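Single-structure report; data block below.
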Amino acid sequence: MRYMLIIHNDPDLHPIPGSAEWDQLMADYGEFSKQLVEQGHTFTGDPLNDPSTATTVRVRDGETLTVDGPFAETKEWMSGYYIVDFDNLDQALRCAAMIPSAKFGSVEVRPVAEM
Amino acid sequence: MLARLIRILGDFDLAEDALQDAWVAASTTWPTRGVPDNPAGWLVTTARRKAVDRLRSVAASERRQRAWGELSITWDIGDGSQPIPDDRLRLIFTCCHPALGLEAQVALTLRSLGGLSTGEVASAFLISEPALAQRVVRAKRKIRQAGIAYRVPSPGELPERLAAVLAVIYLIFNAGYLKSSGPELVDVDLCDEALRLCGVVIDLLPDEPEPLALAAMMWFQDARRAARVDADGVPVTLEEQDRSRWDGAGLATGLDLLERAHRAGPSGPYGLKASIAALHVAAPRSDLTDWGAIVRLYDRLLEWEPTAVVRLNRAVAVAMADSPAAGLALIEQPGLADELVGYHLYEATRADLLRRSGRLDEAAASYRRARAQTDNRAEHRFIDRRLRQLADPAPR
Numbered sequence: 001m002r003y004m005l006i007i008h009n010d011p012d013l014h015p016i017p018g019s020a021e022w023d024q025l026m027a028d029y030g031e032f033s034k035q036l037v038e039q040g041h042t043f044t045g046d047p048l049n050d051p052s053t054a055t056t057v058r059v060r061d062g063e064t065l066t067v068d069g070p071f072a073e074t075k076e077w078m079s080g081y082y083i084v085d086f087d088n089l090d091q092a093l094r095c096a097a098m099i100p101s102a103k104f105g106s107v108e109v110r111p112v113a114e115m
Numbered sequence: 116m117l118a119r120l121i122r123i124l125g126d127f128d129l130a131e132d133a134l135q136d137a138w139v140a141a142s143t144t145w146p147t148r149g150v151p152d153n154p155a156g157w158l159v160t161t162a163r164r165k166a167v168d169r170l171r172s173v174a175a176s177e178r179r180q181r182a183w184g185e186l187s188i189t190w191d192i193g194d195g196s197q198p199i200p201d202d203r204l205r206l207i208f209t210c211c212h213p214a215l216g217l218e219a220q221v222a223l224t225l226r227s228l229g230g231l232s233t234g235e236v237a238s239a240f241l242i243s244e245p246a247l248a249q250r251v252v253r254a255k256r257k258i259r260q261a262g263i264a265y266r267v268p269s270p271g272e273l274p275e276r277l278a279a280v281l282a283v284i285y286l287i288f289n290a291g292y293l294k295s296s297g298p299e300l301v302d303v304d305l306c307d308e309a310l311r312l313c314g315v316v317i318d319l320l321p322d323e324p325e326p327l328a329l330a331a332m333m334w335f336q337d338a339r340r341a342a343r344v345d346a347d348g349v350p351v352t353l354e355e356q357d358r359s360r361w362d363g364a365g366l367a368t369g370l371d372l373l374e375r376a377h378r379a380g381p382s383g384p385y386g387l388k389a390s391i392a393a394l395h396v397a398a399p400r401s402d403l404t405d406w407g408a409i410v411r412l413y414d415r416l417l418e419w420e421p422t423a424v425v426r427l428n429r430a431v432a433v434a435m436a437d438s439p440a441a442g443l444a445l446i447e448q449p450g451l452a453d454e455l456v457g458y459h460l461y462e463a464t465r466a467d468l469l470r471r472s473g474r475l476d477e478a479a480a481s482y483r484r485a486r487a488q489t490d491n492r493a494e495h496r497f498i499d500r501r502l503r504q505l506a507d508p509a510p511r
C-alpha cells in the first residue's frame, strides 16, 4: 500500500542553510534515502523550494485566479514529500519518524488512494 | 483472571488525591449531582454482577464476532489458525492504535473487547447511540483505509503502545468511577470492564510491570469509594476521609498486585503512581503519611511525565513534607503559574496552602477564584464549605 509522507517545516526550528546543522541535515537525508533503498522499498521523493517561490491557481466560474504565494499562509509549510510502498501503517509511521525533518517539523502520513 | 466484582460509587482521580487538601480533580467531570448514598445500593450491586455474567456469556462473544466481521477477525471461536490469547492481544493493540483518536479507541475497545452493545457504551459516556455508532464506523474505516494492521507491536514498539492501551483502560475506569452513586440502575459497570480488561492484558503479558501497577491503582481507588463523598454528596479530601471506611480487602488486593509489579520489572509511570497511592494507603492516619517518600516518587515520575500537573502534585507533597511555605514557593514559580492559568485546581491548591500558612484572606480570595473557574456544583459546595471555615474557624 502506498503512503505519501508529507514533510512540513517549522522555520523557527529548522536549521539555517549554510550552517553546520544544515549540512548534517542534508547528510541525514542522504542516509535516509539510502536506507529506503537497502530495505527494498519502492519510493519517490523530492524536496520543494520554499513558499516564497510558490504561486497558487484557482479556477472559479471559468475564471482563472493566480495569486502569489502558497495555498495557506501558515507558519509551517510543506517542504517535501516521499511516496513509499509499505505493508501497513505501522511501517509507514516508523519510517516517517526517521525522516530527518521530523525532529524540527512534522510529517503527515496519508495513504495514496488507489483507483 | 483478575476480574472481580467491584463495588459501586466513588469519584477520585488518583493523581489528584495526592493534592491532599486541595481538591479532587475527578469532581470536574462528575455529572452534576447531590444525591447521597442510597439503601438501594445493595440492589444495584447485585444488578451489576448480573450484568458482568451476561457480558461473559456466549451471546456476548457472538456479538463481538459479528461486530468485527468485516475485518475477518476470529474471536472466541478459534478456527485453529491463531491461538485465542494472541488474538485478543492483537485486538487490544488494534483498538488502541494511536492513529485513532482517543474517543475512538475507547469506543472500539468497549465494543470489541468488552462485548458491550453500542447502546450500553453510548449511555455509559452520556452520548447518543447514533453518535457513538458513527464514531465506531469512522474508526473501522480508518483502520481499513490507513492500513492499520491487526498485529501485536514489535518489542521496540511495545512500551509506547502498551502505555496507550493502559491509558484507554484507565479512562474507562474513571468514566465508570465518575458515574457516581445514585439510585439509577446502570446496566453496565465500566469499572468492572476496566478491571477485567486490565486482567486480560496481565494474563497475556504476565511479565510486564505496568499493567499490574495500573490494576493496583484501580483497586486502591475503588477501595476508597465509600469514604470519598460525605452524606451530602460533597467530596471529602484524602486527608479528611474516614479511613475505617476504606475496603481492606480491596486495598490488600491492590498491594499484592503492586508487589507483583515490582517483581516483574522497573516501574514506569503507573508503577510510580501506584506506589504513591500505596503510601497513602499504608498510613493508618493521614498525618502518618510518609510524605518524604512521596516527594521522591514524584521526582521520579517527573522524569516520565514532566508536566505542570505533576509538578503541582509534587508541590503539595513538598508542602506536607516540609512546610506550606515551601509548597507555595514551588507553585508560585512563574513558569508553573502561567501553564496552569485557568485550571481551577491550581487556585484551589494555592488556596489550601495559603490556608495552612495562616494567610486566610489570601486563601479566601484564591478559593473564590477557583470557584469561578469551574461549573461543577459539587466543587462549588466543597469550596463554599472551605470559605465558611475560613470565615469562622471552629475546632475540627
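Protein chains in written order, with this note's numbering: chain V, 1 to 115; chain H, 116 to 511.
We put the beta carbon where it would ideally sit given N, CA and C, even for glycine.
Predicted model, so just to flag it, every value in this text is computed and none were measured.
- Just reading off the beta strand (DSSP E) that V:Thr53 is part of, what are its end residues? Counting from 1 along the first sequence, the entry for residue 53 of chain V is found at position 53. Annotation for V:Thr53: no beta strand (DSSP E) segment contains it, and DSSP assigns it neither H nor E.
contact_flag[the region 477-486 of chain H, the region 438-449 of chain H] where n(CB pairs < 8 Å) is 3 or more
no
Chain-ordered chain V contacts of H:Gln220 [CB-CB under 8 Å]
For the purposes of this step, residue 220 of chain H is identified with residue 105 of the second sequence, where counting begins at 1. By Cβ distance, chain V contributes nothing, its closest Cβ being about 15 Å from H:Gln220, past 8 Å.
Can a CB atom of chain B be found closer than 9 Å to the CB of V:Phe86?
Here chain B cannot be found, since the structure's protein chains are V and H.
Assuming V:Leu5 and V:Val109 are in contact, meaning their beta carbons sit under 8 Å apart, how far apart are those beta carbons, in whole angstroms? Mapped onto the first sequence, residue 5 of chain V falls at position 5. Mapped onto the first sequence, residue 109 of chain V falls at position 109. Going by Cβ atoms, the distance from V:Leu5 to V:Val109 rounds to 6 Å, so yes, they are a contact pair.
Query raised in the report: Any C-beta of chain V sitting closer than 9 Å to the C-beta of H:Glu272?
Result: Walking along the second sequence from the start, residue 272 of chain H turns up at place 157. Chain V, which has a Cβ nearer than 9 Å to the Cβ of H:Glu272, makes this yes.
Checklist line | Which of helix, strand or coil DSSP assigns to V:Met98 | finding: Walking along the first sequence from the start, residue 98 of chain V turns up at place 98. Residue state, collapsed to three classes: helix.
* Of all the CB atoms in chain V, is at least one closer than 9 Å to the CB of H:Gly457? -> Within the second sequence, numbered from 1, the residue matching residue 457 of chain H stands at position 342. Not closer than 9 Å to any Cβ of chain V, the Cβ of H:Gly457 fails to qualify, so no.
Can you tell me which of V:Glu31, V:Pro17 and V:Pro51 puts its alpha carbon nearest to the alpha carbon of V:Cys95? The residue labelled residue 95 of chain V in the question sits at position 95 within the first sequence. The candidate whose alpha carbon is nearest that of V:Cys95 is V:Glu31.
- Alpha carbon to alpha carbon, how far is V:Phe86 from H:Tyr265? Taking the first residue of the first sequence as 1, we reach residue 86 of chain V at position 86. Taking the first residue of the second sequence as 1, we reach residue 265 of chain H at position 150. Taking the straight line from one Cα to the other gives about 15 Å.
Delimiting residues of the alpha helix (DSSP H) encompassing V:Pro70
Here the question's residue 70 of chain V lines up with position 70 in the first sequence. Counting along the chain, V:Pro70 falls outside any alpha helix (DSSP H), and DSSP gives it neither H nor E.
Notebook entry, point to check: What does H:Ala262 reach in chain V if we use C-beta pairs closer than 7 Å?
Noted result: As a working note, residue 262 of chain H is residue 147 in the second sequence. The question names Ala, but residue 262 of chain H in the sequence shown is Gly. What H:Gly262 touches in chain V: Met1, Asn88, Leu89 and Pro111.
Please state whether the Cβ-Cβ distance between H:Gly363 and H:Ala338 is less than 9 Å.
One-based indexing of the second sequence puts residue 363 of chain H at position 248. One-based indexing of the second sequence puts residue 338 of chain H at position 223. Contact flag set, yes.
I want to see whether chain V comes within less than 9 Å of H:Arg266, judged by CB atoms only; does it?
Counted from its first residue, the second sequence places residue 266 of chain H at position 151. Yes, H:Arg266 counts as interfacial toward chain V.
Check your understanding: For the beta strand (DSSP E) that H:Ser232 lies in, which residues bound it at each end?
Key -> Walking along the second sequence from the start, residue 232 of chain H turns up at place 117. Element bounds for H:Ser232: n/a, residue is neither H nor E.
>> Does the CB of H:Ala214 have a neighbour CB from chain V at under 9 Å?
In response: Locating residue 214 of chain H in the second sequence gives position 99, where the first residue counts as 1. Interface residue, yes.
Going by the beta-carbon positions, is the gap between H:Leu372 and H:Leu327 smaller than 9 Å? Counting from 1 along the second sequence, the entry for residue 372 of chain H is found at position 257. Counting from 1 along the second sequence, the entry for residue 327 of chain H is found at position 212. For H:Leu372 and H:Leu327, yes; Cβs fall inside 9 Å.
Taking only three categories from DSSP, how would you classify V:Trp77? Position 77 of the first sequence holds residue 77 of chain V. Strand, per DSSP.
Under 8 Å: do the region 250-264 of chain H and the region 273-284 of chain H share three or more Cβ pairs, one atom per stretch? no
If you run the structure through DSSP and keep just helix, strand and coil, what is V:Asn9? Within the first sequence, residue 9 of chain V is the residue found at index 9, counting from 1. Strand.
Check: What residue does the beta strand (DSSP E) around H:Glu513 start on, and which one ends it?
Finding: There is no way to answer for residue 513 of chain H, as the model of chain H reaches only from 116 to 511.
Self-check item: CB-CB length for V:Val84 against V:Tyr3, believed under 8 Å
Solution: Translated into positions along the first sequence, residue 84 of chain V becomes position 84. Translated into positions along the first sequence, residue 3 of chain V becomes position 3. Going by Cβ atoms, the distance from V:Val84 to V:Tyr3 rounds to 6 Å, so yes, they are a contact pair.
Residues in the same chain with beta-carbon distance under 6 Å from H:Thr233, minus the five sequence neighbours each way, listed in chain order, please. As a first step, residue 233 of chain H is located in the second sequence; it is residue number 118 there, counting from the start. Here the set comprises Glu244, Leu247 and Ala248.
Please report the residue range of the alpha helix (DSSP H) in which V:Val109 lies.
Numbered from its first residue, the first sequence carries residue 109 of chain V at position 109. No alpha helix (DSSP H) contains V:Val109, which is instead part of the beta strand (DSSP E) from Ser106 to Pro111.
**OP:** Would you check if the distance between the CB atom of V:His14 and the CB atom of V:Ser101 is smaller than 9 Å?
**Re:** As a first step, residue 14 of chain V must be located in the first sequence, where it is residue number 14. As a first step, residue 101 of chain V must be located in the first sequence, where it is residue number 101. Against a cut-off of 9 Å, the Cβ pair of V:Ser101 and V:His14 comes out as a contact.
* Beta-carbon separation (whole angstroms), V:Thr66 vs V:Thr53, contact threshold 8 Å -> In the first sequence, counting from the first residue as 1, residue 66 of chain V sits at position 66. In the first sequence, counting from the first residue as 1, residue 53 of chain V sits at position 53. Between V:Thr53 and V:Thr66 the Cβ distance is about 14 Å, and since that is not below 8 Å, they are no contact.
Does any residue of chain H have a CB that is nearer than 9 Å to the CB of V:Ala27? Taking the first sequence and counting its residues from 1, one reaches residue 27 of chain V at position 27. No, its Cβ sits nowhere closer than 9 Å to a Cβ of chain H.
- C-beta neighbour in chain H for V:Leu36, strict 9 Å: Translated into the one-based positions of the first sequence, residue 36 of chain V becomes position 36. Judged by the 9 Å Cβ criterion, V:Leu36 is not in contact with chain H.
- request: Return the first residue and the last residue of the alpha helix (DSSP H) that H:Thr464 is part of.
  value: As a position in the second sequence, residue 464 of chain H is number 349, starting the count at 1. Taken as a continuous stretch (DSSP letters only), the alpha helix (DSSP H) holding H:Thr464 covers His459 to Arg471.
*asked:* Residues in the same chain with beta-carbon distance under 8 Å from V:Asp10, minus the five sequence neighbours each way, listed in chain order, please.
replied: Residue mapping note: residue 10 of chain V aligns to position 10 of the first sequence, counting from 1. Closer than 8 Å at the Cβ level, and outside the excluded window around V:Asp10, lie Lys75, Glu76, Phe104, Gly105 and Ser106.
- Can you list, in chain order, the residues of its chain whose CB lies under 8 Å from that of H:Gln488, leaving out five sequence neighbours each side? Position 373 of the second sequence holds residue 488 of chain H. Cβ neighbours of H:Gln488 beyond the five flanking positions: Gly457, Tyr458, His459 and Glu462.
For H:Leu281 and H:Tyr413, which I take to be in contact (beta-carbon distance under 8 Å), what is that distance rounded to the nearest angstrom? For this step, residue 281 of chain H is matched to residue 166 along the second sequence. For this step, residue 413 of chain H is matched to residue 298 along the second sequence. Contact doesn't hold; Cβ gap of about 20 Å is too wide.
Using 10 angstroms around the beta-carbon of H:Ala376, count the other beta-carbons present and answer buried if the total reaches 16, otherwise exposed.
On the second sequence, residue 376 of chain H is found 261 positions in, with the first residue counted as 1. Buried: at least 16 other Cβ atoms inside 10 Å.
* To do: Taking 9 Å as the cut-off, decide whether the C-beta atoms of H:Thr209 and H:Leu312 are in contact.
  => The residue labelled residue 209 of chain H in the question sits at position 94 within the second sequence. The residue labelled residue 312 of chain H in the question sits at position 197 within the second sequence. No. Outside cutoff.
Does chain H have any CB closer than 9 Å to the CB of V:Ala92?
In the first sequence, residue 92 of chain V corresponds to position 92, counting from 1. Closer than 9 Å to some Cβ of chain H, the Cβ of V:Ala92 qualifies, so yes.
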